[in-house]
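FYI, in my numbering the residues of the sequence shown are 1 to 418. The beta-carbon is built from N, C-alpha and C at its ideal position, and this holds for glycine as well. The structure displayed is predicted, hence computed values, not measured ones. One structure below.
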Amino acid sequence: MCDTLYKRTESGYIFGKNSDRSPNEPNLTLFYSRRKTAEKTVRCTYIEIPQVPETHAVLLVQPSWMWGAEMGINEYGVVIGNEAVFTKSRGKKQERLLGMDLIRLGLERGKSAREALEIIIALLEEYGQGGNCGFDKPFYYDNSFLIADDDEAYVLETSARDWVYRKIDDHYNISNKLSLNESYTKASKDLPNFASKNSDFLFTHFSGSKIREKSGCESLRKENFRLEDMFAALRSHHPRDVDRLYTKGSVRSVCMHKSFLGDHATGSMVVERRKDKRRIWITGASSPCLSAFKPVVFGFLEAPVFSDPEASLNYWLDREYLQRAIYAGLVGEGEYKNRLQKLEAAFLSEAESLEHAADEDFRKFVISASKEEQGFIESYREKIEFLKKNPQALPRLWRKITARLGKNVFERHLSARI
């Protein structure tokens, strides 16, 4: 369960997404270079499909065990995020392409939002979607996508191999529910009331998506919407959840915390296009309310961006144990957040001052910001290491799952992960 938000601005756009998945499921931040391919096929999460002669460079935020990604951006500035949607379609358990595979394929092969949209549609129609999407439990769903570039953006919603899309004029957010009925640009067939006819209303209701969709819309309607506003939207909590985030959680909040029914925000990414500059901000960690958004440069390997999955995993795990130390009361939440907010505010201020700077100067800033954030994490090293050995210090909701944190995270099939 996730939320993806897009806002057109006077000088470009701002895209943001939280990846809501199982709380023990690492979201790795990995860069893949442009590559000429000799292979005739490519192995996605479950199936092989024909490969193209060359794939674009991509920066992905991807679950550790999948070939595909929850969100990402390519060298042409195409950015994509997806959401689980709950439909009446059959055959979801058959292993086909996952929605996350379709994101990566769209980014590796598309030079524009429109081209990526058409690639995803063509692959969906030919190979279908299906297979388990859950890290530590069976979980099956169809997908919606938000696809953008410097010039335009689209929302694509699907049910099995059927699809409908709409070009976005000003803003949009997708939140685990079909939303397109008659207000669409094109569809796979004559499909009036696409959302109404295809939605599984029971699962959709219990996903909390209607509440999160409303919250996202309210955030995006703000006048003079800025980068900081997107950060705030991704960190937002429903008022009824604020006092129980670490003990009960809820699916109502855009910044989702584990609950009996729901998932957990395990990674966040924001892309801002302002005039001729594109800036990317990534947490490389769970819970954006407890993480700093760090500036990154596409193609530049500086944490939180890696080319080695193991290095990215270790980065994510350190921050995960630290956040759980807050749940356990080992780290004071107030002081921690105050330090974190000051750190991120300094990053934002420096980035603003470098708006017209040369690329090399911005890369130096990215290196400095990465080191500062790592220093912040290291100041809690004793607490991190203590919790690794003492998960019983956690609230009951978190004890058992923390004992399994970091185990079998690269295994492709569910039976090998649990």
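Practice task
Let me know the alpha helix (DSSP H) ranges lying completely inside the segment 146–192, each 4 residues or longer, listed in chain order.
Solution key: none
Problem - Pick from Gly284, Glu95 and Thr204 that is closest to Leu261, judged by C-alpha positions - result: Thr204
Practice task
Determine the direct distance from the alpha carbon of Glu152 to that of Lys167, and round the result to whole angstroms.
Solution key: 8 Å
Problem - Length of the line joining the Cα atoms of Ser312 and Leu59 - result: 13 Å
Problem - Span of the alpha helix (DSSP H), counted from its first residue to its last, around Met71 - result: Unbroken run through Met71 is the beta strand (DSSP E), Met71 to Asn74; no alpha helix (DSSP H).
Problem - When Phe194, Ser64, Leu5 and Leu124 are compared against Ala148, the one with the closest alpha-carbon - result: Leu5
Practice task
Identify which residue in Lys92, Gly72 and Lys371 has its Cα closest to the Cα of Leu419.
Solution key: Here the chain comprises residues numbered 1 to 418, so residue 419 is not present and cannot be evaluated.
Problem - Chain-order list of residues whose beta-carbon lies under 6 Å from that of Asn82 (same chain, five-residue window excluded) - result: Gly99, Ile103, Asn143 and Phe145
Handout entry: Euclidean distance between Cα positions of Ser370 and Val305
Key = 10 Å
Exercise for the section: Please list the segments of the beta strand (DSSP E) lying wholly inside the segment 51–124, counting only runs of 3 or more residues, in order along the chain. Expected result: 58–63, 71–74 and 79–85
Handout entry: Continuous beta strand (DSSP E) stretch holding Asn338: start and end
Key = Counting along the chain, Asn338 falls outside any beta strand (DSSP E), though it belongs to the alpha helix (DSSP H) covering Glu333 to Ser353.
Handout entry: Buried/exposed call for Phe201, threshold 16 Cβ in 10 Å
Key = exposed
Practice task
Count the CB pairs spanning the segment 23–43 and the segment 262–270 that are closer than 8 Å, and state whether there are at least three.
Solution key: yes
Problem - Extent of the continuous beta strand (DSSP E) to which Lys7 belongs - result: Asp3 to Thr9
Practice task
Report the three-state DSSP secondary structure of Ile14 (helix, strand or coil).
Solution key: strand
Problem - Contact check, Arg319 vs Ser291, beta carbons under 8 Å - result: yes
Exercise for the section: May I have the straight-line CA-CA distance separating Phe298 from Arg279, to the nearest angstrom? Expected result: 9 Å
Handout entry: CB contact flag (Leu220, Lys7, <8 Å)
Key = yes
Problem - Closest residue to Lys210 among Leu234, Phe231, Val254 and Tyr246 (Cα-Cα distance) - result: Val254
Practice task
Could you check what DSSP says for Tyr246 in three-state terms: helix, strand or coil?
Solution key: coil
Exercise for the section: Figure out for me which residue from Trp163, Trp316, Tyr246 and Leu97 has the closest Cα to the Cα of Pro192. Expected result: Trp163
Exercise for the section: Leaving aside the five residues before and after Thr55 along the sequence, list all residues of the same chain whose C-beta is less than 8 Å from its C-beta, in chain order. Expected result: Tyr32, Arg34, Arg35, Thr37, Glu108 and Arg109
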